Amino acid sequence: STTSDTTIFEERESQVRSYCREWPTVFSKAQGVYQYAEDGRRYIDFFSGAGALNYGHNHPELKKHLVEYLTGDNVVHSLDTYTVAKREFLQTFQDLILKPRDLDYTVQFPGPTGTNAVETALKIARKCTGRLDVVSFTNAFHGMSLGSLAVTGNSMKRAGAGTPLYHTNTAPYDDYFDGETADFMWLDRTWSDGGSGLDTPAAVIVETVQGEGGLKAARNVWLRELQALCRRHNVLLIVDDVQAGCGRTGQFFSFEEAGIEPDIVCLSKSISGYGLPMSLTLMRPELDQWEPGEHNGTFRGHNPAFVTATAALKTFWADDALEQNIAARSEQLREGLHRIIARCDGALLRGRGLLTGVAFPEDDIAGRIQAAAFERGLLIETSGPKGEVIKVMPALTITETEMEEGLEILVDAASSVLG
Ligand code: PMP
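Going by full-length UniProt numbering, the letters in the sequence shown line up with residues 3 to 421, in that order.
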């Protein structure tokens with residue numbers, strides 16, 4: 003093919019494409035926080051595969067383990083049979099993640115994607131409680147398959163299903179009421195009142211930071227009150243940590259800071275550490291109630307992903323160096339974004355950790371900044387119901403110099419739009 007030739011994509015690929023419309027070039031190489039197009043242009047990646055590349059592209063330590071694994075005749079595909087690579091992963095996840103946090107979760111390998119982890123959570127919640135409904139929140143994003151879409155609070159995305167989705171309730175997300183305290187009285191009353199017509203649900207599913215929904219971050223007190231409400235009514239609390247987890251907001255799990263302990267946790271995106279498909283559904287041991295065969299799938303045993311996942315945990319979660327970098331780079335990012343906010347009345351800082359951005363008062367500003375950033379060599383995504391938020395999500399391993407380089411481009415792009 004010739005340089006940046008997109009003809010076959012236009013002719014043959016489904017029109018259901020989104021990112022390529024924003025970045026109309028053909029990428030060929032990637033390393034660390036940089037991505038390179040076929041025409042030789044270099045881009046700084048402030049997007050990180052929608053959160054799937056928390057340790058950057060092709061991290062050398064992870065690559066070494068992957069190449070070694072692939073070079074031998076090791077098992078690649080294994081359904082849910084026991085393998086050496088899976089044993090290593092489970093042991094490491096228990097030793098480095100669960101034990102130090104005093105968490106006791108049974109691990110399900112629900113399939114390759116985040117939506118698989120969410121579907122598994124919803125199904126097991128209904129099975130264990132015998133109840134039907136699930137409460138989710140305005141602007142939530144939990145996935146695109148029918149169950150996860152049913153709890154996604156975005157009407158444009160829901161319209162893709164064409165027909166009504168199964169019965170769920172949508173409740174307002176944290177700062178909807180701009181309150182100082184968490185106010186769950188409405189849900190508390192309706193669940194207590196048999197005549198309300200709203201049955202007590204099986205579960206509540208929540209993101210601690212709404213990655214796709216506009217970077218709104220739940221306050222810790224709100225999450226604690228939500229957990230208390232769920233416990234009062236024996237409703238299961240599911241935290242969807244697919245995007246906010248694996249260190250993105252500062253600690254391995256995004257809910258650690260709030261001191262809550264969800265009944266079910268969904269992880270995917272960066273759990274393999276290398277951008278390979280993998281997901282986990284963690285559940286309190288007593289929720290592990292399926293009979294063998296009641297829930298299964300072909301791609302639950304992607305061993306190369308177990309190998310890179312194990313290497314990622316050992317490389318980044320055996321000490322606190324990564325957490326320190328996330329804290330320092332988050333601070334640097336917030337300072338940088340204030341340079342943009344200062345140029346736009348009504349612009350607001352949103353998010354937590356390295357899942358932070360700026361919400362603009364007019365819908366088209368973020369999209370125009372994104373396009374201007376692309377021209378200047380920076381990949382950055384928008385977020386929010388109207389795409390009104392610029393979302394900065396670099397690798398957690400990004401250095402101070404790389405962050406400054408990206409921020410300078412972003413501020414320049416924003417200035418070109420805001421004047
Ligand atoms: N939950 C959340 C919070 C997400 O951000 C996403 C993906 N953006 C998903 C679920 C779905 O994950 P996947 O695209 O891998 O199915």
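Where a beta carbon is used, it is the ideal one built from N, C-alpha and C, also for glycine. None of these values were measured; they are calculated from a predicted model.
- What separation, rounded to the nearest whole angstrom, lies between the Cα atoms of Leu-357 and Phe-257? 14 Å
- Is it true that the CB of Val-206 sits closer than 7 Å to the CB of Leu-239? yes
- Would a C-beta distance cut-off of 7 Å place Leu-217 and Arg-341 closer than the cut-off? no
- Query: What residue does the beta strand (DSSP E) around Val-35 start on, and which one ends it?
  - Reply: Neither: Val-35 is in no beta strand (DSSP E) and is coded neither H nor E.
- Just to check, is the beta-carbon of Thr-210 closer than 6 Å to a non-hydrogen atom of ligand 1? The answer is no for Thr-210.
- Query: Can you tell which of Thr-210, Ser-270 and Gly-355 has its C-alpha closest to the C-alpha of Gly-252?
  - Reply: Gly-355
- Message: Shorter than 6 Å, the distance from the beta carbon of Asp-104 to the closest heavy atom of ligand 1, or not?
- Response: no
- Task: Specify, as a first and last residue, the run of the alpha helix (DSSP H) that residue 1 falls within.
- Result: Nothing can be reported for residue 1: it is not among the residues displayed for the chain, which extend from 3 to 421.
- Message: Using a Cβ distance threshold of 8 Å, determine whether the region 72 to 89 contacts the region 209 to 224, with at least three qualifying pairs required.
- Response: no
- Pick out the complete alpha helix (DSSP H) segments inside the region 202 to 257, 4 residues or longer, and give them in chain order. 222 to 234, all fully within the region 202 to 257.
- Would you give the residue range spanned by the beta strand (DSSP E) that Ala-173 belongs to? 170 to 173
- Message: To the nearest angstrom, how far is the alpha carbon of Gly-303 from that of Pro-294?
- Response: 16 Å
- Query: Which value, in whole angstroms, describes the spacing of the CA atoms of Val-413 and Leu-134?
  - Reply: So the alpha carbons of these two residues sit roughly 48 Å apart.
- Item | DSSP state of Ser-6 mapped onto helix, strand, coil | coil
- State yes or no: is the C-beta of Tyr-57 within less than 7 Å of the C-beta of Thr-399? yes
- Between Glu-407 and the rest of its own chain, which residues show a CB-CB distance below 8 Å, the 5 nearest in sequence each way excluded? Ile-46
- Local conformation of Met-280 per DSSP, three classes: Three-state DSSP puts Met-280 in coil, outside helix and strand.
- Same chain, Cβ closer than 7 Å to Leu-231, five either side skipped, listed in chain order: Phe-186, Leu-189 and Asp-190
- Span separating the alpha-carbon of Asp-97 from that of Ala-320: 9 Å
- Message: Taking the alpha helix (DSSP H) that Tyr-71 belongs to, which residues open and close that run?
- Response: 62 to 73
- Query: For Ser-418 versus Ala-374, is the C-beta distance shorter than 7 Å?
  - Reply: yes
- Taking only runs that begin and end inside the region 62 to 133, name each unbroken beta strand (DSSP E) of 3 or more residues, in chain order. 108 to 110
- Message: I'd like to confirm the pairing. Which residues does DSSP put opposite Ala-361 in its beta bridges?
- Response: Leu-350 and Val-391
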